[in-house]
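Trainee:
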Amino acid sequence: MSQKELAGFRALAKAYEGLNDVQIQQLLDLREFVEIHHDQKI
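913 is the number of the first residue of the sequence shown in our numbering; add one for each residue after it.
1. Rounded to the nearest angstrom, what separates S914 and L939 at their Cα positions?
2. By the DSSP assignment, the alpha helix (DSSP H) with K922 in it spans what residues?
3. What's the C-alpha gap between V946 and K916?
This is how it looks when you write it as structure tokens:
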């Protein structure tokens, strides 16, 4: 992973960290967020 990619992931993580429970549930309901288990094939 390049430093640019790492910086992008860190920025995304900070954005996700700022979401509240309602916002997360809305993203799940819209299927913008999906839960993927570690052993799940995608």
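The beta carbon of each residue, even a glycine, is placed where N, CA and C say it ideally should be.
Mentor: From the atom records:
1. Counted from its first residue, the sequence shown places residue 914 at position 2. Counted from its first residue, the sequence shown places residue 939 at position 27. Those two C-alpha atoms are separated by around 28 angstroms.
2. The residue given as residue 922 occupies position 10 in the sequence shown. Looking at the sequence itself, residue 922 is Arg, so the reference to Lys does not match. That run of the alpha helix (DSSP H) goes 915-929.
3. The count along the sequence shown starts at 1 and reaches residue 946 at position 34. The count along the sequence shown starts at 1 and reaches residue 916 at position 4. In a straight line, the C-alpha of V946 is about 25 angstroms away from that of K916.
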